[in-house]
Structures are given as C-alpha cells and as structure tokens.
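K.L.:
Attaching a single structure in structure tokens format; questions to follow.
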Amino acid sequence: MMARALDGDVGAARLLLERAIAPLKAAEQSQALSLPDGTLTQQGRAVLASVAAGELAPGQGAALLGAIGTLARVTEIDELARRIEVLEEKNAKP
C-alpha cells in the first residue's frame with residue numbers, strides 16, 4: 019500500500035492518511051460566564067443574552083441551557099419528594 023501511495027496512487031495515499039491521522043473535530047474554547055444568583059429562568063436568560071451578545075459560543079450556550087434544564091428537573095423532583103413526605107407525615111398522625 020505504501021509503495022502504491024509513493025508511486026502516485028491517490029486512493030492509497032488517502033487510505034494511509036486516514037488511518038494514520040485522526041480526523042479533526044471541532045473544539046470550542048472554554049469561556050467563563052458569571053450567572054446571576056436568581057432563578058433558573060433568570061440564569062437561562064443570562065445565557066441567551068451572552069450568546070446573543072457574542073460573548074458565548076452558541077454550542078456552549080446550548081450546553082449551559084441543557085444543564086440548567088436538567089437542574090430544573092432535578093429541583094422539581096426534590097420539591098415533589100419533599101411535598102410528598104410532608105403529606106405522608108400529616109396523614110400518618112391521627
């Protein structure tokens with residue numbers, strides 16, 4: 019295969035290069051962002067504003083919004099569990 023590539027076989031050269039060099043993947047540089055100490059909605063709006071202002075890459079903004087969404091679901095589950103616990107305590111007492 020190497021000999022064919024050296025003799026000018028473009029297909030052989032391409033095959034060797036594809037196996038020798040990993041394809042490049044897009045990478046974003048980390049960007050520090052200070053989120054407000056408000057609600058998750060306020061934090062989400064701050065992320066959107068940073069993306070709109072060009073201070074944060076769209077991919078990073080999407081990742082942060084996804085993380086905020088996940089945190090919102092976890093917070094909701096914790097709140098529901100707490101409320102169920104309170105209701106069970108009230109119903110257990112005569």
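With our numbering, the residue at position 76 of the sequence shown is 94, and numbering never jumps. Every residue gets a Cβ at the ideal spot worked out from N, C-alpha and C, and that includes glycine.
Is the beta carbon of Ala30 closer than 9 Å to that of Ala38?
P.N.:
Counting from 1 along the sequence shown, the entry for residue 38 is found at position 20. Counting from 1 along the sequence shown, the entry for residue 30 is found at position 12. Result no, Cβ atoms of Ala38 and Ala30 do not sit closer than 9 Å.
K.L.:
Distance check for Gly84 and Arg63, CA to CA, integer angstroms please.
P.N.:
Position 45 of the sequence shown, counted from the first residue, corresponds to residue 63. Position 66 of the sequence shown, counted from the first residue, corresponds to residue 84. Their backbone Cα atoms lie some 13 Å apart in a straight line.
K.L.:
Should the segment 64-72 be called in touch with the segment 49-56, which here means at least 3 C-beta pairs below 8 Å?
P.N.:
yes
K.L.:
When the Cα atoms are used, what is the spatial distance from Gly32 to Ala99?
P.N.:
The sequence position of residue 32 within the sequence shown is 14, counting from 1. The sequence position of residue 99 within the sequence shown is 81, counting from 1. Note that residue 32 corresponds to Arg in the displayed sequence, not to Gly. CA-CA distance, Arg32 to Ala99, rounds to 58 Å.
K.L.:
With Gln47 as the anchor, note down where its alpha helix (DSSP H) starts and where it stops.
P.N.:
In the sequence shown, residue 47 corresponds to position 29, counting from 1. From DSSP, Gln47 is part of no alpha helix (DSSP H); its letter is neither H nor E.
K.L.:
Assign Val69 to buried or exposed, taking buried as 16 or more other Cβ atoms, counted over all protein chains shown, within 10 Å of its Cβ.
P.N.:
Stepping through the sequence shown from its first residue, residue 69 is reached at position 51. Under this definition Val69 is a buried residue.
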